[in-house]
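Have a look at the structure below, then the notes.
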Amino acid sequence: MTEISLKVENLRKTFGNTVAVDDVTFEVRRGEFFSLIGPSGCGKTTTLRCIAGLEKPDKGRIIIGERDVTNLPPQMRNVGLVFQEYAVFPHMTVYENMAFGLKIKKLPKDEIHNRVLRIAELLNLEEYLNVRAGRLAQALMQRVALARSIIVEPEILLLDEPLTLVDAKIKELMRRELRRYQKELGVTILHVTHDQLEAMMVSDRIGVMCQGKILQIGTPIEIYDKPNSIFVARFIGSPTMNLIEGRLEQYNDELFLDADDVGIPLYGVSSEKLRGYIGKDVVLGVRPEDIEILTQPTEGSFAGKITLIESLGSKLEIIVELNSVTLHVLSPLRRDLKVGQPIHLKIRPTKAHVFNKTTENNIMLEEV
Amino acid sequence: MATKPPRSVNLLANLPLNILLYAVLIIPLAIMIYISFTDWNPAKGYDWWQAPLSGINNFVRMLGDVRLGAALGRTIVFVLVVVAVEFLLGLGMAYLLLAEFPGKRGIISLIIYPLMLPWVVVGLVFYLLFADFGPVVNVFLKAIMGETFTKTSLLLNPTIGFTVIMLADIWQWTPFMFLILYAGLSAVPKKFIEAAQVLGASSRTIFRRIQFPLIRPLAMVALVLRSLEAFKVFDTVYMITRGGPGSTTETISFYIYMLAVRYYDMAYASAVSLVLLIALAIVIRVFVKYAIERGGA
Amino acid sequence: MGVASKVLRIVAIAIFMAWLMIPIVWTLSLSFKPYLEWRAPHFWPKNPTLLNYKILFFYQREIAGTTGGTALTKPMITPLINTLIVVGVSTIIAVIIGFFTAYGASRYNSPGPFGLYFTLLTRMVPPATFVTPVLIYYRMIGFLDTQLGLILLYAAATVTYSIWILKGFIDQIPREWEEAAILEGLSPLRAMLRVTLPLIKSALVVSGLFIFLMNYSEFLFALVLTTRNAVTLPVHLTTYVGGSGVLYGAQAACGIVASIIPLVIGYVIQRHLITGLTFGMVRA
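Residue numbers (my numbering), protein chains in the order written: chain B, -19 to 348; chain E, 387 to 683; chain G, 2 to 285.
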């Protein structure tokens, strides 16, 4: 029994002139919930399909368990796959769908029966066992697709945007159910989605993809707190991170960003790596939830004017203008703010991200 | 969805059709019904509407008509054999052509050409094929059995003659089955097949348990349509054996033709036609009900 | 697993293709054989000739010598013209009437489903069952051996196809477009002609060509109802009997020539063949 359920090495796949997957390498550990996320067209689904054996990569290796399956057809890879559209066999009953993979393995009838009942119980499908799968509602179909895949006990379960087609209200429920099954069964999951929030909520680790490449791999917290590039920083987190271009300057031992008509102090930020960028153009990134709004100025604060206040239930989204720069701020509920009101803003000390303007990499994470 | 139709459109939508059908089909139908209760034939010297009704003589005669029974039985055998073979062959070819390979579209294009040929031409082609100077006799049988066969005409043997007629239909219409089944199989969403592959299914299993079951309704339509068409067979019978020798390769359509056109036995021909129509109407009604129940055609 | 089944597949397909090709190739071969070789046992002509094709079109006493003095058959020209006229006109009638009926059925359920299924019946019953009464009827009204008689019959027999095929296409055009035209002042009739009709032009062509194909091949009624004047090609094909037997070579040539038009049409609409043959139930 290995530690690593899946190893993808230097995977490359092109379609005609388009490079869909460009030198992708990553690992998924046994029992882990790993998500590959990225915008449409970034190559995550293609990567998934290559792992499943439905696409043939141009280069690279895929190792599942301890076997190199790169040249094996899907039938022999011992993976499970749940499609975006579920693809449950409509003409078969739920029972037959679930028994399908087991019958192919030629398991004895009672063994099959037992396993089906067990998994059906886990996924709350017992009452639907004799219903034709084509007649089920969406949420049920997804459970059947899931059941059918995990019942054959694959080395790794691949999920292709499983919640994309689901109604928003049910999504929440299904997300939790998914996590529960995974933990209870100890299934290793590689999950692919464009919904970063969803991935952040369920995953042990996340890989962010863009244009065929993996930009960063880490736990949700790592990715959120320490994005290694502008793309990752913007892709993760909602509302999106604020980005301000300017020049890094120093004044009395304090760093600040000179954005033409605005000066934003980087209070409490000090880093050797930043020293080398003083006087150079950089991009400052701050998440809306990391900006404090104060009615009185304090050390390290800067001034601005409220132009819009939107209520998000338990939070407020406030748009603040500082001359030519516009900032989105996410603030806890408070009643003392008005549109047009001049206020003071302060960035929480460890939450300022500074990016190299040309490479778009996070300067503070750069290797020296 | 259905509102009341405006006058002009309603008129156009119904009148021309009705005129056409009434003039050309309904009136003859009425004539047929009337005549089947008479004893009329053209040699009698008076017009058909002057013929006296003679009750159900014709219908009684049908019960004892051996030649009729033979023709009908032969036709039914024809339909069963021909449709079954066409279905199996068509399915086999559809299965073989599911995979992608270069030139596939060209081959499919080529496969369907027999469907376009006039049916008499097909009859002619097979007549020529099995004639005593044809390649079947001369190339194949000579190789197997020596010279002796070339002197007897294959087609004079009723069994062989009828088989050739069946062969002609199979030759022409297997591509029809193939096209329909192929279209149906290709339309099965790729996702089902991929899902089955990941679950470990071989392409044989996928065909048997996923693709084939999913084209059931289509297959039923094809079978019913083809059976109805096959039942009408006439042109090839005419061209290949003329129903002969004697009446040993007659189909029901051919027998009616003989009755009406050769023997001028109009009244009896009408009666036979009438009964056949009614019987078919009932069978079709039953079939349609069955098909609708079995999953909405 | 891989190679053996691939080879098997290729072999199976090859056998099937050969089976489809050989009969026609034999007929072709025969059509190029001179009289003396018509009954010869070898497959290919030893002295290929175009004589048989000439026989089709020309009255030839001069060819008589080379055909062993056999009496001649009539040239193919009249039957060809008859066929083109009869099939052409009946097709046009069938498509026009079919369009109106399909439109009414699609938009207003008139004729209703019962009427529609009744038209299907016209296609399901064996034509032979109508031979007797039509023969009598046509003799009575003087339609025997006339082009008009056949035209009406063919139109009635194939209007079903155009109704069902066109209805399928009309169903797919949103009614809002006609309703918009009506709101702008067009009468419903005009709306049908100006809005819907142009949109289904290709469907009209397809159903027309398909019906042409069906009618072209019609044999039984042409055989029974025509004797001299209105003889069509399929019937003409059966007349290649001369003094000393069947003119095999010429008959083969006639079969080949008679197949040209349907093959051309067939390939033009090849993608829609199944749609036609299944009354629009299966759309490839």
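By construction, the Cβ of each residue, glycine as well, lies at the ideal position given by its N, Cα and C atoms.
Using a CB distance cut-off of 7 Å, tyrosine 54 of chain G does not count as an interface residue toward chain E. For the C-beta of alanine 79 of chain B, not a single chain E residue is nearer than 8 Å; the gap to the nearest is close to 10 Å. Per DSSP, serine 639 of chain E has no beta-bridge partner at all. In the three-state reduction of the DSSP assignment, glutamate 180 of chain G falls in the helix class. The three-state secondary structure of arginine 628 of chain E, taken from DSSP, is coil.
Per the coordinates, the alpha-carbon of isoleucine 664 of chain E lies some 43 Å from the alpha-carbon of leucine 29 of chain G.
Burial state of asparagine -3 of chain B is exposed, judged by a 10 Å Cβ sphere holding fewer than 16 other Cβ atoms. With a contact defined as Cβ atoms closer than 8 Å, leucine 571 of chain E and alanine 605 of chain E miss out at about 10 Å. The Cβ-Cβ distance between leucine 205 of chain G and valine 283 of chain G does not fall below 7 Å.
Collapsing the DSSP output to three states places histidine 43 of chain G in coil. Following the DSSP letters along the chain, one finds proline 37 of chain B in no alpha helix (DSSP H), marked with neither H nor E. Taken through DSSP and simplified to helix, strand or coil, asparagine 524 of chain E comes out as helix. Taken atom to atom, the span from the alpha-carbon of tyrosine 217 of chain G to that of valine 607 of chain E is near 25 Å.
Pairing isoleucine 266 of chain G with aspartate 518 of chain E, the inter-Cα distance amounts to about 34 Å. Taking one beta carbon from each stretch, the stretch 207 to 217 of chain G and the stretch 484 to 500 of chain E have fewer than 3 pairs nearer than 8 Å; the two do not touch. Listed in chain order, the non-local C-beta contacts of glutamate -17 of chain B below 7 Å within the same chain comprise Arg9 and Arg10, local neighbours out to five positions each way being set aside. Beta-bridge analysis with DSSP links serine 311 of chain B to B:Leu296. Collapsing the DSSP output to three states places glutamate 133 of chain B in coil. Within the same chain, and ignoring the five residues on either side of phenylalanine 564 of chain E in sequence, the residues whose Cβ sits closer than 7 Å to its Cβ are Gly476, Met479, Ala480 and Ile497.
Taking a cut-off of 8 Å on C-beta distances, the stretch 625 to 635 of chain E touches the stretch 542 to 550 of chain E, as three or more cross pairs fall below it.
Per the DSSP secondary-structure output, phenylalanine 69 of chain B pairs with nothing in a beta bridge. By a beta-carbon distance limit of 8 Å, leucine 138 of chain B contacts valine 59 of chain B. Their separation comes to about 6 Å. When only Cα atoms are considered, serine 188 of chain G and leucine 264 of chain G end up about 42 Å apart. Close partners of threonine 123 of chain G in chain E (Cβ separation under 9 Å): Leu407 and Leu411. Collapsing the DSSP output to three states places isoleucine 174 of chain G in coil.
Apart from sequence neighbours up to five positions away, the residues of its chain that approach serine 111 of chain G with a beta-carbon distance below 8 Å are Gly105, ordered along the chain. Residues of the stretch 21 to 40 of chain B with a C-beta atom less than 9 Å from some C-beta of chain E are Arg29, Ala32, Gly33 and Leu34, listed in chain order. Of the residues E:Val574, E:Val522 and E:Pro414, the one whose Cα lies closest to the Cα of leucine 553 of chain E is E:Val522. Glycine 570 of chain E is outside the set of residues whose beta carbon lies under 7 Å from a beta carbon in chain B.
Not a single C-beta of chain G is nearer than 7 Å to the C-beta of phenylalanine 445 of chain E. Of the residues B:Ser304, B:Pro70, B:Thr27 and B:Val(-12), the one whose Cα lies closest to the Cα of proline 599 of chain E is B:Pro70. In the three-state reduction of the DSSP assignment, leucine 109 of chain B falls in the coil class. Chain order gives the chain E residues near phenylalanine 69 of chain B as Phe578, Ala581, Ala582, Arg595, Ile596, Pro599 and Leu600, where near means a beta carbon separation below 9 Å. Look at lysine 193 of chain B here: in three-state DSSP terms it is strand. Taking CB atoms only, isoleucine 566 of chain E has a neighbour in chain G less than 7 Å away. DSSP places valine 506 of chain E within a helical segment (H, G or I) once states are collapsed to three.
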